[in-house]
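Chemist: Quick note: the sequence shown uses the working numbering, first residue 9, plus one each step. By construction, the Cβ of each residue, glycine as well, lies at the ideal position given by its N, Cα and C atoms. The structure displayed is predicted, hence computed values, not measured ones. What follows is a single structure, and I will ask about it in a moment.
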Amino acid sequence: MTLFPILLVSIVHTLVISYHNNKMSKFMMKSTMVYPKTDTPRGSVRLSDIDLIKRTPYTHTPLVYVYPNYQNNISTSSKYFDSTLLISSLSQVLVPFYPIAGRLRRNGQTDRIEIDCNAKGVLFVEVETSYEISDFGEFTPNDVLRKLVIPTCDYSGGFSKIPLLMVQLTRFRCGGVCIGLGVHHFAGDGAAYAYLINQWARLARGDALDVLPVFDRARFLIARSPPHVDFNHLEFQKRTSHSDTDFQEMEKTKVGLFKFSEDQITALKQQAMSNSHQMKYSTFEVLSAHVWRCALKARGVQNDKLVKFSTPINARSKFNHSVVPKGYFGNFIFNSVYFGKSGDIVSKPLWYAASKIHETVTRVNEDYIRSAVDFLSLQSDLSALATGPHTSRCPDVHVNFWKGLPFYEADFGWGKPVFVRHGGIGYEGQIVIMPNENGDELFVGINLFSSHMDRFEKIIYDFEERRAAL
């Protein structure tokens with residue numbers, strides 16, 4: 009093993025000017041590279057087939073944690089989210105999480121992408137901006153937010169040069185801060201990174217780690233011998249056509265954020281039980297069904313058009329016999345999909361769409377997951393199955409549901425975040441449902457083509473008018 013002490017290998021100061029709501033903001037940037045604090049093992053981590061179909065090796069998923077610092081300001085709280093403490097604790101957490109300080113590479117014998125545990129480090133960026141947190145309202149996950157608070161890197165040198173984790177600490181004029189993250193999906197899913205950030209936060213506030221990470225995929229995600237596929241895995245079927253022929257693919261998109269209160273969600277559940285249909289659907293099933301129907305209406309999708317609903321299922325709790333450890337770090341999410349006619353989803357009552365989503369979600373059990381793992385092991389080119397913009401393109405949708413993920417536990421010693429947001433919903437048809445800090449409200453972030461978003465905004469709360477009329 010080789011010692012990799014924390015170093016600031018590159019420090020770059022940059023003045024950047026940006027605009028939001030016709031306001032100019034100047035902000036200073038300082039970039040550093042953070043290494044594991046002590047010796048870490050060399051070698052490699054073999055990525056599972058599920059890891060390797062999560063987008064491409066040249067992308068990061070953006071996350072934003074918002075800490076407003078209501079009671080203080082920069083002048084009286086210079087140690088609020090002290091960067092020295094954050095960097096020191098980050099270097100500490102990278103010791104047990106040492107693969108995250110590594111880089112992707114191709115195995116010289118198999119040509120398969122893996123993590124090279126070379127301790128090249130994690131990017132840490134500090135920013136001071138003249139914006140205030142209030143300028144961003146409830147933090148709609150659009151390009152403006154992404155450009156300000158999400159770190160980025162140079163992708164032109166190949167994926168072997170790309171950090172698996174990038175962190176940006178943004179200080180606002182009001183005294184609040186954001187921690188923006190760029191997380192590489194090949195290394196782990198949302199649950200994995202939430203766990204990593206929470207362990208980092210524990211060290212920052214002086215606590216010890218409560219769970220150690222497990223990176224060994226072979227214990228849980230290895231194909232059976234011989235592999236046997238027991239289900240028709242529609243989630244891996246490639247769509248041959250998406251948009252209607254009269255639709256302009258180059259139209260600009262727009263991201264909207266829509267808040268649903270506990271009362272509104274209850275109203276939707278009651279609507280789904282109307283007309284003597286007494287099945288009780290979950291919050292995810294009902295809200296996703298409502299948003300899906302509104303998206304189809306706003307898009308003007310023809311009734312006979314085949315449309316797809318897809319959603320990632322966290323499979324950690326689906327294994328009955330093989331217990332997945334709490335500290336498992338990797339991708340353990342499996343997309344589940346439903347194909348149906350647009351006219352059925354739109355014209356039939358809300359319960360119909362909710363029932364199809366329910367069937368889609370409950371289908372994913374241990375047997376289904378093992379069949380999916382076996383199916384992937386038989387594929388000659390996993391990159392052909394990678395998710396991306398095509399996953400949700402019109403007339404389809406892809407819905408992520410964050411309730412239940414422990415994002416709001418990230419207390420670095422100055423309190424928990426008031427918002428945790430996707431840092432930029434970049435794909436048309438992509439939907440992310442995010443809870444508030446108390447879990448009693450949900451925010452629906454959705455990316456649609458601009459003309460469709462204009463119509464979507466007018467109908468998303470129509471159920472309120474129907475409820476008032478009763």
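#1: Determine, using beta carbons only, whether residue 318 and residue 343 come nearer to each other than 7 angstroms.
#2: So, do the region 42-54 and the region 178-187 have three or more beta carbon pairs nearer to each other than 8 angstroms?
#3: Which one or two residues does DSSP pair with residue 432 in a beta bridge?
#4: For residue 306, I'd like the list of residues in its chain whose CB is within less than 6 angstroms of its CB, leaving aside the five on either flank, ordered along the chain.
#5: In chain order, what residues of the same chain have a beta carbon less than 7 angstroms from the beta carbon of residue 83, not counting five sequence neighbours either side?
#6: Alpha carbons only, please: which of 371, 304, 409, 222 is nearest the one belonging to residue 103?
#7: Indicate whether the contact test is met: 3 or more Cβ pairs, each with one atom in the region 295-310 and one in the region 402-411, closer than 8 angstroms.
#8: Take every Cβ of the region 65-75, pair it with every Cβ of the region 347-359, and state whether three or more of those distances are shorter than 8 angstroms.
#9: Pop quiz: residue 377 and residue 323 are said to be a contact at Cβ under 8 angstroms. What is the actual Cβ separation, rounded to whole angstroms?
#10: Quick check on residue 296: buried or exposed, where buried means 16 or more other Cβ atoms within 10 Å of its Cβ?
#11: Can you give the Cα-Cα distance for residue 105 and residue 53, rounded to whole angstroms?
#12: For the 8 angstroms Cβ check, are there 3 or more pairs between the region 218-233 and the region 409-419?
#13: Helix or strand or just coil, what does DSSP make of residue 320?
#14: Give, in chain order, every unbroken run of the alpha helix (DSSP H) that is at least 4 residues long and sits entirely within the region 46-118.
#15: By the three-class DSSP mapping on this structure, what secondary structure does residue 287 have?
#16: Let's see if you can read the secondary structure: which residues bound the alpha helix (DSSP H) around residue 461?
#17: Are residue 129 and residue 42 touching if we call contact CB-CB under 7 angstroms?
#18: Can you tell which of 262, 360, 77, 265 has the C-alpha that lies nearest to the C-alpha of residue 348?
#19: Need the endpoints of the beta strand (DSSP E) that residue 131 sits in, please.
#20: Under a Cβ-count criterion, where at least 16 other Cβ atoms within 10 Å of its own Cβ denotes burial, should residue 120 be classed as buried or exposed?
#21: Can you name the residues that DSSP bridges to residue 427?
#22: Excluding five sequence neighbours on each side, which residues of the same chain lie with their C-beta closer than 6 angstroms to the C-beta of residue 298?
#23: Thinking C-alpha only, which one of 205, 58, 371, 269 is nearest residue 326?
#24: How long is the line joining the alpha carbons of residue 136 and residue 183, rounded to whole angstroms?
#25: Is the beta carbon of residue 266 less than 7 angstroms from the beta carbon of residue 452?
#26: Which same chain residues, not among the five before or five after residue 254, have their C-beta less than 7 angstroms away from its C-beta?
#27: Distance, Cα to Cα, residue 382 vs residue 197?
#28: Less than 7 angstroms between C-beta atoms, sequence neighbours within five positions excluded: which residues of the same chain meet that for residue 386?
#29: Spatial neighbours of residue 397 within its chain, please: CB distance less than 6 angstroms, with the 5 preceding and 5 following residues excluded, ordered by chain position.
#30: Considering just the uninterrupted stretch of the beta strand (DSSP E) at residue 344, what are its terminal residues?
#31: Mind checking whether residue 172 and residue 122 have CB atoms under 7 angstroms apart?
#32: Using the Cβ count rule (16 or more neighbours within 10 Å means buried), how would you classify residue 148?
#33: If I'm right that residue 62 touches residue 339 with Cβ under 8 angstroms, what's the distance once you round it to whole angstroms?
#34: Applying the criterion that 16 or more other CB atoms from any shown protein chain within 10 Å of the CB defines a buried residue, is residue 374 buried or exposed?
#35: Which parts of the region 172-257 are runs of the beta strand (DSSP E), unbroken and 3 residues or longer, counting only runs that do not cross its ends?
#36: Going along the chain, which residues of its own chain have a beta-carbon closer than 8 angstroms to the beta-carbon of residue 269, five neighbours each way excluded?
Modeler: On the basis of the supplied data:
#1: The residue given as residue 318 occupies position 310 in the sequence shown. The residue given as residue 343 occupies position 335 in the sequence shown. In contact: residue 318 and residue 343 (Cβ atoms closer than 7 angstroms).
#2: no
#3: The count along the sequence shown starts at 1 and reaches residue 432 at position 424. DSSP lists no partner for residue 432.
#4: Walking along the sequence shown from the start, residue 306 turns up at place 298. Only 460, 463, 464 meet the Cβ criterion.
#5: The residue labelled residue 83 in the question sits at position 75 within the sequence shown. Note that residue 83 scores 43 on pLDDT, short of 50, meaning its location in the model is unreliable; the coordinates nonetheless yield the value given after this. Cβ within range, chain order: n/a, list empty.
#6: Along the sequence shown, one-based indexing puts residue 103 at 95. Out of 371, 304, 409, 222, 222 has the C-alpha closest to the C-alpha of residue 103.
#7: yes
#8: no
#9: Looking up residue 377 in the sequence shown gives position 369. Looking up residue 323 in the sequence shown gives position 315. Right, their Cβ atoms sit about 5 angstroms apart.
#10: As a working mapping, residue 296 is identified with position 288 in the sequence shown. When all chains shown are included, residue 296 counts as buried.
#11: What you label residue 105 is simply residue 97 of the sequence shown in a count that begins at 1. What you label residue 53 is simply residue 45 of the sequence shown in a count that begins at 1. One C-alpha to the other measures close to 12 angstroms.
#12: no
#13: Within the sequence shown, residue 320 is the residue found at index 312, counting from 1. Of the three classes helix, strand and coil, the one that applies to residue 320 here is strand, per DSSP.
#14: 57-60, 91-101
#15: Position 279 of the sequence shown, counted from the start, is the residue given in the question as residue 287. Looking at residue 287 - three-state DSSP - the assignment turns out to be coil, as it is neither helix nor strand.
#16: Translated into the one-based positions of the sequence shown, residue 461 becomes position 453. From DSSP, the alpha helix (DSSP H) with residue 461 extends over 458-467.
#17: Start at 1 with the first residue of the sequence shown, and residue 129 comes out as number 121. Start at 1 with the first residue of the sequence shown, and residue 42 comes out as number 34. Yes, they are a contact pair.
#18: On the sequence shown, residue 348 is found 340 positions in, with the first residue counted as 1. Nearest option by C-alpha distance: 360.
#19: In the sequence shown, residue 131 corresponds to position 123, counting from 1. 130-137 is the extent of the beta strand (DSSP E) around residue 131.
#20: Translated into the one-based positions of the sequence shown, residue 120 becomes position 112. Exposed, since its Cβ has fewer than 16 Cβ neighbours within 10 Å.
#21: Numbered from 1 along the sequence shown, position 419 holds the residue referred to as residue 427. BP columns for residue 427 point to 74.
#22: In the sequence shown, counting from the first residue as 1, residue 298 sits at position 290. If we look at residue 298 and ignore the five residues flanking it on each side, its Cβ neighbours are 276.
#23: Working through the sequence shown from its first residue, we reach residue 326 at position 318. Among 205, 58, 371, 269, the Cα nearest to that of residue 326 is on 371.
#24: One-based indexing of the sequence shown puts residue 136 at position 128. One-based indexing of the sequence shown puts residue 183 at position 175. Distance between the alpha carbons of residue 136 and residue 183 is about 10 angstroms.
#25: Here residue 266 refers to the residue found at position 258 when the sequence shown is read from its first residue. Here residue 452 refers to the residue found at position 444 when the sequence shown is read from its first residue. For residue 266 and residue 452, yes; Cβs fall inside 7 angstroms.
#26: Here residue 254 corresponds to residue number 246 of the sequence shown, with the count starting at 1. Note that residue 254 scores 42 on pLDDT, short of 50, meaning its location in the model is unreliable; the coordinates nonetheless yield the value given after this. For residue 254, where only same-chain residues beyond five positions count, there are no Cβ hits under 7 angstroms.
#27: Position 374 of the sequence shown, counting from 1, holds the residue named residue 382. Position 189 of the sequence shown, counting from 1, holds the residue named residue 197. So the alpha carbons of these two residues sit roughly 20 angstroms apart.
#28: Residue numbering aside, residue 386 sits at position 378 when the sequence shown is read from its first letter. Contacts found: 235.
#29: In the sequence shown, counting from the first residue as 1, residue 397 sits at position 389. Excluding residues within five positions, the ones whose Cβ falls inside 6 angstroms are 435.
#30: The residue given as residue 344 occupies position 336 in the sequence shown. Residues 341-349.
#31: If you number the sequence shown from 1, residue 172 lands on position 164. If you number the sequence shown from 1, residue 122 lands on position 114. Going by C-beta atoms, residue 172 is not nearer than 7 angstroms to residue 122.
#32: Your numbering for residue 148 matches position 140 in the sequence shown. Residue 148 should be labelled buried.
#33: Here residue 62 refers to the residue found at position 54 when the sequence shown is read from its first residue. Here residue 339 refers to the residue found at position 331 when the sequence shown is read from its first residue. Rounded, the Cβ-Cβ distance is 6 angstroms, consistent with contact.
#34: Along the sequence shown, one-based indexing puts residue 374 at 366. Result: exposed.
#35: 173-179, 185-191
#36: Position 261 of the sequence shown, counted from the first residue, corresponds to residue 269. Only 448, 449 meet the Cβ criterion.
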